[in-house]
Structure formats: C-alpha cells, structure tokens
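So that you can map any letter, position 77 of the sequence shown is 119 in our numbering, and since no number is skipped, the others follow by simple counting.
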Amino acid sequence: MTVYPDPAAKEAAMSSGPAPHTTSSASGGAAGCRLLLVRHAKAVPKEDPAQDVDRPLSERGRTDAPRAGRWLAESGFTPGLALCSPARRTRQTWQMLAPALAEPPSAVYDERLYGAAPNALVTVLAERAAGLGCVALVGHNPGIHDLAASLCGSGPPELLEELRAGLRTSGVAVIDLPGGWEALTPGAGRLIALWSPGR
C-alpha cells in the first residue's frame, strides 16, 4: 500500500531507525515542513443536514482509521501536532488513528476547520503550525482534497494524477513544503506519498 516513487523521500522518512518518526527536528526537507492531510474516515450516512456535525464513523470507518495510523507509523510520518475539525467523525478518526503512532501528539480541535475551504485551512495552519516540522490536519472534503491538489506543484506524476482524481475517506496525502509554513501557496508543495484504504 505504501508507494514511494521518490527514493529520497523514503530514505528521509525511514532514516531514524526501526521506529522512525518525523517531528519538528526531523521535518520534511532540509529547511522546510511536512504536512499530513487526512480526510476523515467513512461516516454513517447523512440523514438530517442539521445534525451533520454529530455523524459518527461507520463500521468501515472504524476499521480504516486505525489502518491509516499504522501506515503513518510504519512510514515514519509522525506529526508534532494534529489540527482537527471538531465534527464527531473527524475527532473519532484522529482518536482511532493516533494510538498507532509511537509518540501521539496533542490535538487541537478548531471550529474553523469544520467543512472549511482551502483558504480557511491555510489560515489555521499558518497560525498554529509555526515552529513545527510536521503537522497533521484532519478534515473534510472538498476542502482537504482541494488544498492538497492546489499545494502539490511537484511530485511523482503517477501520485499527482491519483491525487487529482480524489482523496478517499481515510486517505492521507503527505506534502513537503520546502519554503515552510509561510509558503502555503498554490504549487509550493511536493507530494511525496499518498495512501488510502483501497490502495
């Protein structure tokens, strides 16, 4: 399931030994940052739009979220902070994903991330990620996918093509930002890995 078309990306991710992780001291790229964009796991169907924020994960979602966590851990992608939408399905996704990480970070539940457009996601990242080398953002489509597609100006062509096609529930896009959090602009990132339960 793990695809590393870029050998340098794999080497950087796995460089810290058998239980690797990426923190503020081991960020993506020499002087940049690494962003883990996570779409929440599969939720139960929407029955009442007014209750959307309270939708829990479905049985499939409760299976897939821990798998995403295991993939992150095995790949060496451990964030120093998790930014998460306060919706029930995003909170559950993070709470089921995090235990797989060797050093689960603190989570911040920010109301601005619920159903947010890319510009709102960027605003929260710029405010809260300063000084950190790797941050996870757990949110919703279409904002999460749109942000990933917009940021990724480079990367292995097959991964870029797959990302353009969409980001499935529980999907994770790993993006290196050589210019740091101040450079959260279209095309500034490099897609280095992409995972979803169906890969």
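Backbone N, C-alpha and C fix where the C-beta goes; we use that ideal spot for every residue, glycine too.
Cβ neighbour criterion (16 or more within 10 Å) applied to residue i
| i | result |
| --- | --- |
| Ser148 | exposed |
| Ala190 | buried |
| Pro87 | exposed |
| Gly70 | In this prediction, Gly70 has a pLDDT of 40, which is less than 50 and means its spatial position is unreliable; nothing more can be read from the coordinates. |
| Arg76 | buried |
| Ala107 | buried |
| Ser238 | buried |
| Gly175 | buried |
| Gly208 | exposed |
Contact check, residue i vs residue j, beta carbons under 9 Å
| i | j | result |
| --- | --- | --- |
| Gly229 | Asp218 | no |
| Val216 | Leu79 | yes |
| Pro198 | Leu233 | yes |
| Leu114 | Val180 | no |
| Leu242 | Leu167 | Outside the modelled stretch of the chain, which goes from 43 to 241, sits residue 242, for which no answer is possible. |
| Ala172 | Gly74 | no |
| Pro128 | Val164 | no |
| Arg109 | Ser212 | yes |
Proximal residues to residue i (C-beta, below 6 Å), its chain only, five neighbours per side dropped
| i | result |
| --- | --- |
| Ala92 | none |
| Arg131 | His82, Ala85, Arg97, Leu99 |
| Gly157 | His182 |
Cβ-based neighbour list, residue i, same chain, cut-off 8 Å, excluding 5 preceding and 5 following
| i | result |
| --- | --- |
| Arg104 | Ala83, Gln134, Met138 |
| Gly240 | Arg210 |
| Glu204 | Leu236 |
| Arg170 | Leu123, Leu125, Val150, Asp152, Val177 |
| Gly111 | Met138, Leu139, Ala140, Pro141, Ala142, Leu143 |
Beta bridge counterpart(s) of residue i as assigned by DSSP
| i | result |
| --- | --- |
| Ala8 | This structure cannot speak to residue 8, because the chain is shown only from 43 to 241. |
| Ile217 | Leu77, Leu233 |
| Ser196 | Arg232 |
Own chain residues within Cβ distance below 7 Å of residue i, not counting five before or after
| i | result |
| --- | --- |
| Gly221 | Gly74, Ala230 |
(request) Ignoring anything shorter than 3 residues or poking outside the segment 127-192, list the beta strand (DSSP E) runs there in chain order. (result) 149-151, 176-181
(message) In chain order, what are the residue ranges of uninterrupted alpha helix (DSSP H) at least 4 long that sit wholly in the segment 75-131?
(response) 101-117
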